[in-house]
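In the working numbering, the protein residues as written are 38 to 228.
Cβ coordinates follow ideal geometry from the N, Cα and C atoms, glycine included.
One structure is given here, and the rest of the page talks about it.
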């Protein structure tokens with residue numbers, strides 16, 4: 038799995054940039070730019086439900102619920118969604134009535150992209166999509182005033198435009214790939 042260190046080393050080869058903090062900041066900015074339109078699957082999250090509680094804590098990286106299913110149904114050979122009304126509020130899922138029996142509610146969901154804190158953090162995508170981050174970093178680097186002063190306005194603008202085009206193409210590829218494999222959700226059950 039590629040990390041921000043891999044991104045930094047690619048950017049450093051072309052630009053000479055050695056600052057980890059800028060790469061971390063720019064990778065987070067890139068995630069904010071395209072993360073809202075992507076549906077990246079999270080790991081199925083099991084929640085133990087009982088006959089008394091109405092609300093349960095959701096995973097912290099949950100963006101949107103894709104599917105709810107009970108472990109007892111799956112164990113009985115039924116791979117089906119349960120259709121129960123629910124609300125999501127303040128990091129919890131709330132049901133209007135308690136479950137009729139204790140069980141494990143599994144939540145398949147799409148997650149928010151990782152917020153990077155360290156240069157060793159891994160990206161959320163397959164390695165082939167590292168270009169979306171490297172192109173974004175190049176674009177931001179060539180947009181810096183210090184870079185424009187060092188290289189000259191014309192050269193920096195030409196490199197900026199090249200990087201911006203590469204970023205848009207990589208971004209569109211990632212968005213298109215995830216749109217095909219993870220179609221937009223239709224929430225059927227809410228109360």
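Buried or exposed (CB count within 10 angstroms, at least 16 for buried), residue i
i: residue 231; result: Residue 231 is absent from the model: the chain starts at 38 and stops at 228.
i: residue 79; result: buried
i: residue 126; result: exposed
i: residue 208; result: buried
i: residue 48; result: buried
i: residue 45; result: buried
i: residue 148; result: buried
i: residue 191; result: exposed
i: residue 74; result: exposed
i: residue 200; result: buried
i: residue 202; result: exposed
i: residue 64; result: buried
i: residue 111; result: exposed
Residue i to residue j span [Cα, whole Å]
i: residue 216; j: residue 107; result: 27 Å
i: residue 137; j: residue 87; result: 8 Å
i: residue 118; j: residue 143; result: 10 Å
i: residue 57; j: residue 67; result: 15 Å
i: residue 182; j: residue 52; result: 14 Å
i: residue 100; j: residue 115; result: 26 Å
i: residue 198; j: residue 187; result: 17 Å
i: residue 38; j: residue 180; result: 29 Å
Nearest-angstrom beta carbon gap, residue j and residue i [assumed within contact, 8 Å]
i: residue 158; j: residue 55; result: Contact doesn't hold; Cβ gap of about 18 Å is too wide.
i: residue 146; j: residue 102; result: 5 Å
i: residue 91; j: residue 135; result: 6 Å
Own chain partners of residue i with C-beta closer than 7 Å, once the 5 adjacent residues on each side are dropped
i: residue 232; result: Look at the range of the chain in this structure, 38 to 228, and you will see that residue 232 is not part of it.
i: residue 89; result: 135
i: residue 42; result: 156, 157
i: residue 212; result: 71, 74, 75
Proximity below 8 Å, CB of residue i to CB of residue j
i: residue 161; j: residue 77; result: yes
i: residue 167; j: residue 60; result: no
Same chain only: Cβ atoms within 6 Å of residue i, ignoring 5 sequence neighbours per side
i: residue 124; result: 131
i: residue 204; result: 172, 173, 176
i: residue 82; result: 96, 144
i: residue 109; result: 140
i: residue 94; result: 129
i: residue 223; result: Note that residue 223 scores 47 on pLDDT, short of 50, meaning its location in the model is unreliable and no value can be drawn from it.
i: residue 151; result: 161
Proximity test, residue i beta-carbon vs the ligand NAP heavy atom, cut-off 7 Å
i: residue 184; result: Absence of the ligand NAP from the depicted structure is noted, as is the absence of any ligand whatsoever, leaving it without description.
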